[in-house]
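What follows is a single structure, written as structure tokens, with notes after it.
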Amino acid sequence: MSQYNKTVRMLFGVIAFLLFSKVSIMLGTTGWKDVCFLIGCYLFLYFFIFSLIDSAVGKISSFHQEYNKENIKKPFL
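In this text, residue positions in the sequence shown follow this note's numbering: the first is 702, and each later residue adds one.
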């Protein structure tokens with residue numbers, strides 16, 4: 702997944718959380734208030750946090766691949 706796509710997903714997660722939080726505040730003391738807030742939290746976790754983790758994992762794996770390429774060129778003893 703490209704870095705641009707990850708950034709858009711993270712931005713969508715923040716916007717969705719803010720939107721559903723605003724809707725839950727507007728609903729007042731009904732039962733739908735909690736449902737909207739939980740949906741917003743789920744979307745934030747799914748889009749923002751998981752994209753952040755995916756980005757970090759991609760950087761770590763590329764670091765290890767580069768490090769291993771350098772060590773393969775060195776003699777064993």
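For every residue, glycine included, the Cβ atom is placed at its ideal position computed from N, Cα and C.
Note that the structure is predicted; figures quoted are calculated from it, not measured.
Between residue 713 and residue 741 the beta-carbon gap is near 12 Å, outside 8 Å, which marks them as no contact. The beta carbon of residue 748 sits closer than 6 Å to those of 710, 713 and 714, all from its chain and outside the five residues before and after it, given in chain order.
Contact annotation: residue 738 and residue 752 have beta-carbon atoms that are not nearer than 8 Å. Assigned with DSSP and collapsed to three states, residue 732 falls in helix.
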